[in-house]
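Scroll down for the structure; my scribbles are underneath it.
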Amino acid sequence: MLPKPPPRDNGLGFLFLPPYRVAGTSVAGEATSIMVPELDVTFDLGICPRAMLPSKYVCISHGHMDHIGGLAYWCSQRYFQGMGVGNIICPEPIAPAIQRMLEGYNDLERQKTPYNLIPLKPEGTHEIKNNVFVRAFALEHTAPTFGYSVIERRSKLKDEFVGLPQEKLTELKSQGTEITRWLEIPLVAYVYDTVPVPAMVREDVRKAQLILCECTFFEPGDRARAKVGMHLHVSDIVEWLKVAECQAMVIGHVSRRTNLAIAKSFLVQALGKEKADRVHFLMDGKANKERFERQLLDAGEHPTPVRGGGKFGAGPFRGRQGDARGPGPARGMGGGGSGSGGGYRSGPTRG
Ligand SMILES: [Zn+2]
Ligand SMILES: [Zn+2]
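Our numbering numbers the first residue of the sequence shown as 245 and each following residue consecutively.
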């Protein structure tokens, strides 16, 4: 009898939540890496799938292996493939350890892989695109952990000057009057590996268009486990969603023993269908594939499979079809936990 081949690679989870694509993988204790291509950011790199290489920035939440295991590889591959120096945004307390890790690889590889380490203090910001900033804030976990918000700053005419003719505004400006103020638009919040904390309702998280968050435990009896591992339990998510204004919340870091169908019906029960409909699971391959196919049909496109497109057919990156440069992220975007809809089993508690 022939030996069994290794388990099939399920690829990355993928959702299109206009204007953002969310692609990645996140299973409790195994690996979390979540990319938002529109922002050039990947949050955490527990592993480094090829799809994450083009991200110019990675925001590391904390040093647990399931969030940082792929970081050195990402730096090295970006350099190797001529994609430029990787920018690593991280909590300041773990920056020295990250530096030591990367220097350890330099010794092992006998070559110097460049990287740009950007340690942030809580409330520290870094501009990642024109007028788009990443801001760090502290979370509470078994290791020093930060969450991140991505905000856009827009210059807006101060209320008292609205309606004035352009010549008047130009005149005021030339006299040195500050006629504009900065408006902050919270775009995306990343809240991974934490117990419930007040930071979850801070303005730039509560009002973020998209929240990417962990929820490791779903069983009513698992609240104690969530507390010990310092993770979120679904009951925390329910409370959070009563005040969070996000258009969409994408949950990851679900433990393999969670049955997604039961988790979803619990959310509908606790929140009502309308609110629960805003919640998605990154690794819910079946539901995410169906939604994307509906989106394609609504856009007048046919979800016909393309060569190499994996389970997701044309996949999320069809805009770049034919663009042969760089590591094409289209392969295996079918994503999806255990494959056919939610049968997560026996799980870890680490991470
Ligand atoms: Zn984790
Ligand atoms: Zn962790």
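Ideal Cβ positions, reconstructed from N, Cα and C, are used throughout, including at glycine. Since the model is a prediction, treat every value here as computed from it, not as a measurement.
- According to the DSSP secondary-structure assignment, G314 is paired through a beta bridge with no residue.
- I395 and A505 have their C-alpha atoms roughly 33 Å apart.
- Annotation for M345: the continuous alpha helix (DSSP H) segment containing it runs A339 to E353.
- In chain order, F381, A382, L383, G391, V435 and V449 place their CB closer than 8 Å to the CB of A443, counting only its own chain and leaving out the 5 sequence neighbours on each side.
- No heavy atom of ligand 2 is found nearer than 7 Å to the CB of D480.
- Taken through DSSP and simplified to helix, strand or coil, M309 comes out as helix.
- Not one heavy atom of ligand 1 sits closer than 7 Å to the Cβ of T386.
- With at least 16 other beta carbons inside 10 angstroms of its own, D466 counts as buried.
- Taking the Cα of P335 as reference, the smallest distance to any Cα among M309, P363 and V494 is reached at P363.
- Positions of the alpha helix (DSSP H) runs, each at least 4 residues long and wholly inside the segment 403-460, are given as 410-418 and 447-450 in order along the chain.
- Put simply, the backbone Cα of D480 is about 24 Å away from that of N532.
- Following the DSSP letters along the chain, one finds G473 inside the alpha helix (DSSP H) bounded by residues R467 to G473.
- Residue burial annotation: V432 is buried, with at least 16 other C-beta atoms found within 10 angstroms of its C-beta.
- Remark: the shortest separation between the CB of D521 and any heavy atom of ligand 2 does not fall under 7 Å.
- At least one heavy atom of ligand 2 falls within 7 Å of the beta-carbon of H311.
- In the three-state scheme derived from DSSP, where H, G and I count as helix and E and B as strand, E282 is classed as helix.
- The residue from F525, Y317, P409 and P340 with its alpha-carbon nearest to that of V329 is Y317.
- Taking 8 Å as the cut-off, the beta carbon of Y264 is found no closer than this to the beta carbon of V285.
- Taken atom to atom, the span from the alpha-carbon of A507 to that of F462 is near 6 Å.
- The Cβ atoms of I333 and H306 do not sit closer than 8 Å to each other.
- Comparing alpha-carbon positions, the option among A339, P337, G348 and L246 lying closest to S320 turns out to be G348.
- Rounded to whole angstroms, the separation of the alpha carbons of M245 and A267 is 38 Å.
- Going by beta carbons, N375 and R354 fall outside the 8 Å limit.
- Nearest to K519 by C-alpha distance, out of Q539, A488 and S499, is A488.
- Within the chosen limit of 7 Å, ligand 2 does not reach the beta carbon of D288 with any heavy atom.
- Judged by the Cβ position, T276 qualifies as a neighbour of ligand 1 at the 7 Å threshold, a heavy atom of the ligand being closer than this.
- For M493, the secondary structure class from DSSP, reduced to helix, strand or coil, is strand.
- Residue pairing by DSSP places A380 opposite Y392 in a beta bridge.
- Closer than 7 Å to some heavy atom of ligand 1: that describes the Cβ of A272.
- In the DSSP assignment, A267 falls within the beta strand (DSSP E) that extends over Y264 to V271.
- About 11 Å separates the beta carbon of R322 from that of L289, a gap too long to meet the 8 Å contact definition.
- In its chain, beyond the 5 residues on either side, A520 and V523 have a beta carbon closer than 6 Å to the beta carbon of L511.
- Taking 8 Å as the cut-off, the Cβ atoms of V378 and C303 count as close.
- Its Cα nearest to that of A339, the residue I312 stands out among K417, I312, A514 and V482.
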